[in-house]
Amino acid sequence: MNLRRSKLKDGAREVALFQRRAIVGFLIIVVFLGVLAARFVHLQVVRHDEFATRADQNRIKLRPIPPARGLIFDRNGTLLADNTAAFRLEVIPEQVKDVNALLEKLRDVVPVTDDDIKRFKEQRKGRRGFNSLPLRFRLSEDEVAKFAVNRWRFHGVEVVPYLTRTYPRGAEFGHVVGYVSRIDESDLRDLDVTRYAGTTHIGKTGIERYYEKLLHGEPGYERVEVNADGRVLRVLDSTPPTPGRNLYLSIDVRLQEAAEAVFEGKPGAAVAIDPRNGEVLAMVSVPSFDPNLFVNGISHFDYRSLIGSPLRPLLHRALVGTYKPGSTMKPFMGIAGLEQGVRRLDDTVLSTGEFHIPGQARGYRDHRRGGHGRVDLVESLAQSVNTYFYSLALDMGIDRMSGYLAKFGFGARTGIDLGGEGVGVLPSKDWKRAMFDKPWYPGETVIAGIGQGYWVVTPVQLANATAILAARGEHHPIHLLRATQSGFNAPIEPAVAATAEPSFILNMSHWERVRDGLVAVVAGPTGTAARSFAGAPYTAAGKTGTAQNFSRTGNEVDTRGLSDAQRHQALFVAFAPVEQPQIALALVMEVAASGSRDAAPLARQILDSWLAPPSGATTGVTAPATPAPAAPAALPEATR
Amino acid sequence: MMALNLDRLAAAARSQLRRPRLDLPLLLALMLVAAIGLVTLYSAGDKDASIVLNQGARFLMGGLALVIMSRIPPSTLRNWTPWFYAVGVVLLVLVELVGEGRGSNRWLDLKFVRFQPSELLKLSTPMMVAWYLHARTLPPDWRDLLMVAVIIGIPAGLIAEQPDLGTSLLVAASGAFALFLSGLSWWRIASLLGTVAAAAPVAWHFLHEYQRNRVRMFMDPESDPLGNGWHIIQSEIAVGAGGVFGKGWHQGSQSRLEFLPEHTTDFVFSVFSEEFGLIGVLLLISLYVFIIGRSLWIAANAKDTYSRLLAGSIGMSFFVYVMVNGGMITGLLPVVGVPLPLVSYGGTSVVSLLTGFGVLMSIHAHRKLAR
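Sequence lines, in order, name chains C and L.
Counting in the numbering used here, the first sequence runs from 926 upward without gaps.
Counting in the numbering used here, the second sequence runs from 189 upward without gaps.
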């Protein structure tokens, strides 16, 4: 073997070298371990008394006390989200030797589902062993009694009273108020573990999620003494938790109820706003769902039936539903034409039943075969004459159009205090290039003038735009939160409203002319909604709209002649009373024949319930001359 | 055929009786530490017999590995060494590519999957260094030094990347000990340490931000008072409260009231210190010192360079476990997840440690005949 090596190995010398090194290495090790031993002497002899005392004091543990979640009310103090007393089963992992065996044993006494166990195990990952973790919520009285008898068999398992969230009005506020549900792994990722120690539920959707910070509150702590087995002997002292703030929404349950009822379960959405301050008075999305199902974990069956329903009850149509505005875009177009000097107040157009871009053969139709004759802006709004707006759009051009309509908030989020709002589409050359990388065609401008083509709005956007119109161009950012309260005896503090933007309308006579046109829609002899609003005790301003889903860029056809009502969406926008608007409304029905036949009557009912309640109580607004009350809440509160 | 095999077996049994292959003092010391470990675990696991049974089964597995390794002559082992090393490195690269469990939770079940290749390298790295130096004229020159640095650097770097700094440290140390024992001159050792110190800021530059944060936490555990800092404080209280004589078996309140974290694995030494006091600690440290000393003695009597360096390296690596774990639980060193050898609950370290001692036994059996 030695022959293979280049240099001769000197075996004896290597052994000697190794032995010297081994001795040195061993000495170094002994020195290091000596240092370690010295450290033990330091801790166990020199500082023994100090640590012995600290170990004894280590019988005291901190236990978090979760805060009570803030309640949610409507503007009149009607309860929308409540905390009710219930019992739950809690397990302290550190006191249980074999969790799986325990769970099996427990099943004989109290029903525990596989979902419960899965969730329980997920929660264990993030937390320390001495924190008790919930296993099952909302035990029935029978279950509590049965467990109490068998309690001795289950060391480390306890029945604990707690407050659970309930939504007394059920599906009516499923979308707006939303719901809380058990904290899951994705929540844990960006959660302040200290603030949520002991908290089991967190806002998942709607107001419950958006105002989670306000609603949650601050946890308290109690110092408890434990015995040698870790069982709590007594509570030494405690810092009480600070409950979450109570929220008062601008919603009025009576209007909400009325607005929901008019749909009779057919899919659609309605949003009502007080144009004087941007308060959302009603926000309805039909169909809805019962938020109570989600609080303690929705069953697989319930969830499947919600997800599987073709009507998509979990979709918040008012917030994210996408619709074509159709003719409801015409009042906004009308004011855009006047304000930008494209049309003068008394300009007229001849409606022949078909509009042509000069030099092009393709015809863009009116609703009435043969046309409406020579009409001005007021008549064009009253009868919903397409030709006026076709030619206006062509003269204005798409970029000026979208530039001006953006002032009404189209193509942007309204900023309402709910998460996940839809954006919609405000068509423009830039938008089309970014989206499809294609140039813009004049024909697309023409149909954009009547709210067709690429247009997409959400009901809340449409209501927001109507409120801006009703407020003569003033923009009061819309919101649901009206006031907060830090406990039941505390004063109700108004929420800080975003500052209003002053009106962008330069010449108010332009606005008045558009208003006259909208009044003519509901009160004029030729108005498309005149029949629906006959005999109303107030004067409204409104506009019908009918959107067609099947045609994106092609010819628009007369929708009234079609028998297939299923293929249309009916819309209506309105504000009233016209002298001092108190409510602005946008309503969409997904499956209908036309705006004037289907949407307008529903809008009438909703406006009636706000301005002229059927109970006969006087509201002070039926007489047009009477000035509106100064405080917005005074009106509904006086009419219980 | 059958008869022949039986004859050979009988011959093997006779030779085993005449000249035992297992070094009895070392074996006795290992068994004593294992027994202490089981007794401590029974208390730390809150009198849970299943922990003791599981650990006992792992000792049986480890014991089996020890006996098997002791039957393999060092020369065979030497021939296989490059293959062991290459397979280990390939597995490490595979783990790097497809492995999971990169998260910071070092006590997950994924640990088993993640640890397997790196456990292999704890033994095959010093084997490779010994294999290389075996063929060189000692003491090593600059070229050898460079080669050994590459042999150690590849697995240590890959393991640090996982990231598992504790194991990386053990692997690097085991290789470095072989180099040290080979007689690398003192001034070369000094300049090597100087180079490492100078390279540290450069390496820092290449670390990911999350890795830097981990290093920062290692350096200053108090910056995380609810995590590792809290662990250290509770561990120091447990050790200090034990005093000279200890609180007695199963009397330690720190572990039973769950103030101690991971009291069956990384912090089992704290439980032992609380219940058996300074006397128990000194006894355990003495046993460890004996094991290390005996290992070095076996190394000094080994037949060739490979066996010498490998045996010495295994013995000295054992010291790193004790020092890092003991330093951690007493607040002397930062928190690094290194178990207390043969006491901490956990299968992989028991089996890999006993496999290493199996190699030692084999080297002992094939020692130089007394002159």
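Where a beta carbon is used, it is the ideal one built from N, C-alpha and C, also for glycine.
Keep in mind that this is a model prediction, so the values were computed, not measured.
For residue j and residue i, the rounded distance between their alpha carbons
i, j, result
"residue 499 of chain L", "residue 242 of chain L", "29 Å"
"residue 1469 of chain C", "residue 1437 of chain C", "19 Å"
"residue 539 of chain L", "residue 222 of chain L", "12 Å"
"residue 1323 of chain C", "residue 1353 of chain C", "6 Å"
"residue 368 of chain L", "residue 489 of chain L", "17 Å"
"residue 1218 of chain C", "residue 1194 of chain C", "22 Å"
"residue 1302 of chain C", "residue 1259 of chain C", "7 Å"
"residue 1480 of chain C", "residue 1440 of chain C", "Residue placement at residue 1480 of chain C cannot be trusted, given a pLDDT of 40 that sits under 50; the coordinates are not used to answer."
"residue 269 of chain L", "residue 328 of chain L", "20 Å"
"residue 1132 of chain C", "residue 1404 of chain C", "11 Å"
"residue 294 of chain L", "residue 306 of chain L", "Because the pLDDT of residue 294 of chain L is 30, which lies under 50, any placement of that residue in the model is unreliable, and the question is left without a value."
"residue 422 of chain L", "residue 235 of chain L", "21 Å"
"residue 1509 of chain C", "residue 1284 of chain C", "41 Å"
"residue 942 of chain C", "residue 949 of chain C", "11 Å"
"residue 505 of chain L", "residue 961 of chain C", "16 Å"
"residue 1070 of chain C", "residue 454 of chain L", "43 Å"
"residue 986 of chain C", "residue 1151 of chain C", "7 Å"
"residue 1521 of chain C", "residue 1463 of chain C", "19 Å"
"residue 1031 of chain C", "residue 1023 of chain C", "12 Å"
"residue 550 of chain L", "residue 501 of chain L", "15 Å"
Cβ pair residue i, residue j closer than 8 Å
i, j, result
"residue 1337 of chain C", "residue 1350 of chain C", "no"
"residue 354 of chain L", "residue 524 of chain L", "yes"
"residue 322 of chain L", "residue 494 of chain L", "yes"
"residue 348 of chain L", "residue 356 of chain L", "yes"
"residue 1376 of chain C", "residue 1252 of chain C", "yes"
"residue 1192 of chain C", "residue 1166 of chain C", "no"
"residue 508 of chain L", "residue 358 of chain L", "yes"
"residue 1501 of chain C", "residue 1527 of chain C", "no"
"residue 1009 of chain C", "residue 1089 of chain C", "yes"
"residue 1015 of chain C", "residue 1058 of chain C", "yes"
Within chain C, the residues that residue i reaches when beta carbons sit closer than 9 Å
i, result
"residue 211 of chain L", "Result: empty, since nearest Cβ-Cβ is about 16 Å, beyond 9 Å."
"residue 239 of chain L", "What residue 239 of chain L touches in chain C: nothing, since even the nearest Cβ is about 10 Å away."
"residue 461 of chain L", "965, 968 and 969"
Neighbour list for residue i in chain C, Cβ cutoff strictly below 7 Å
i, result
"residue 487 of chain L", "947"
"residue 442 of chain L", "980 and 983"
"residue 432 of chain L", "969 and 970"
"residue 236 of chain L", "1022"
Residue i, DSSP secondary structure in three states
i, result
"residue 986 of chain C", "strand"
"residue 1293 of chain C", "coil"
"residue 1199 of chain C", "strand"
"residue 1419 of chain C", "strand"
"residue 1281 of chain C", "strand"
"residue 1083 of chain C", "strand"
"residue 1518 of chain C", "coil"
"residue 1508 of chain C", "strand"
"residue 297 of chain L", "Residue confidence is low: residue 297 of chain L scores 37 on pLDDT, short of 50, so the model does not pin down where it sits. Its coordinate-derived value is still stated next. Coil, per DSSP."
"residue 1480 of chain C", "At residue 1480 of chain C the pLDDT is 40, less than 50, meaning the model places this residue with poor confidence; the figure from the coordinates comes in the next sentence. Coil at residue 1480 of chain C, not helix or strand."
"residue 1008 of chain C", "strand"
"residue 490 of chain L", "coil"
"residue 1468 of chain C", "strand"
"residue 1067 of chain C", "helix"
"residue 1382 of chain C", "strand"
Residues that residue i contacts on chain L, provided the C-beta gap is smaller than 7 Å
i, result
"residue 1531 of chain C", "Near residue 1531 of chain C there are no residues of chain L at all, since even the closest Cβ is about 54 Å away, more than 7 Å."
Interface partners of residue i on chain L, CB under 8 Å
i, result
"residue 1079 of chain C", "Per Cβ cutoff of 8 Å: no residues; residue 1079 of chain C is ~17 Å from chain L at best."
"residue 944 of chain C", "488"
"residue 975 of chain C", "428"
Under 8 Å from the C-beta of residue i: neighbouring residues of chain C
i, result
"residue 518 of chain L", "961, 964, 965 and 968"
Distance cut-off 7 Å: residue i Cβ against heavy atoms of the ligand COA
i, result
"residue 362 of chain L", "Of the ligands one can find in the structure shown there are none, so the ligand COA has no counterpart to examine."
(request) Closer than 8 Å, Cβ to Cβ, to anything on chain C: give me those residues from the stretch 347-378 of chain L, in chain order. (result) 365, 368, 369, 370 and 371
(request) Could you name the residues of the stretch 1021-1046 of chain C whose beta carbon sits closer than 8 Å to any beta carbon of chain L, in the order they occur along the chain? (result) For the stretch 1021-1046 of chain C, which is checked against every Cβ of chain L, the residues closer than 8 Å are 1022.
(message) Which residues of the stretch 507-531 of chain L have a Cβ closer than 9 Å to any Cβ of chain C? Give them in chain order.
(response) 507, 510, 511, 514, 515, 518, 519 and 520
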